[in-house]
Amino acid sequence: TPDTNEIYIVKGLRFTNYDSSSRTVNVKFYSGADTTDYWVLKDHTLAAGTSYDVIVNTPLTISGVAGDRLKVHASASSAVHAVATMMELGRQTGL
Numbered sequence: 006t007p008d009t010n011e012i013y014i015v016k017g018l019r020f021t022n023y024d025s026s027s028r029t030v031n032v033k034f035y036s037g038a039d040t041t042d043y044w045v046l047k048d049h050t051l052a053a054g055t056s057y058d059v060i061v062n063t064p065l066t067i068s069g070v071a072g073d074r075l076k077v078h079a080s081a082s083s084a085v086h087a088v089a090t091m092m093e094l095g096r097q098t099g100l
């Protein structure tokens, strides 16, 4: 969740499963503008010892001004790592 005056472009999101068992991963985008969750990735099975890139060629804008959030969930969080690559566009000054 960005601070209330920040805007980010999420350029990449990668999951890596370090466990010896498969895990299920989900990603939702919560829009503060219309208070709705939108699926980015739903019930993806991540095999043991593999990685999966979720956001690759379609960047996602997250605005703290609007109250947006990116929600990431894995069936066993201690075994799955999520890494996001993002760029801060700048702070909103109210001008």
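Per the working numbering, residue 6 is the first one in the sequence shown, and the count goes up by one each step.
C-beta: ideal position from N, C-alpha, C; glycine also.
Since this is a predicted model, take the numbers as computed values, not measurements.
So TYR2 is in the beta strand (DSSP E); what residue range does that whole segment cover?
Nothing can be reported for residue 2, as the shown portion of the chain is limited to 6 through 100.
For SER36, list the residues DSSP reports as bridge partners.
DSSP, once it has assigned bridges, lists THR41 as partnering SER36.
Could you check the C-alpha separation between ASP48 and THR21 for me, to the nearest Å?
Computed Cα separation, rounded: 15 Å.
Using CA atoms only, rank isn't needed, just tell me which of SER36, SER80, PHE34 is closest to ALA52.
Checking every option, the nearest Cα to that of ALA52 belongs to SER80.
According to the neighbour-count rule (16 or more other Cβ atoms, all chains shown, within 10 Å of its Cβ), is ASP39 buried or exposed?
Classification for ASP39: exposed.
Excluding sequence positions up to five away, which residues of its chain have a Cβ less than 6 Å from the Cβ of GLY37?
Contacts found: ALA71, GLY72, ASP73.
Against chain C, with Cβ distances strictly below 8 Å, would SER56 count as a contact?
No chain C is present in this structure, which holds just one protein chain.
From VAL59, GLU93, PRO7, HIS86, pick the residue whose C-alpha is nearest to that of GLY17; which is it?
Ranking the options by Cα distance to GLY17, first place goes to VAL59.
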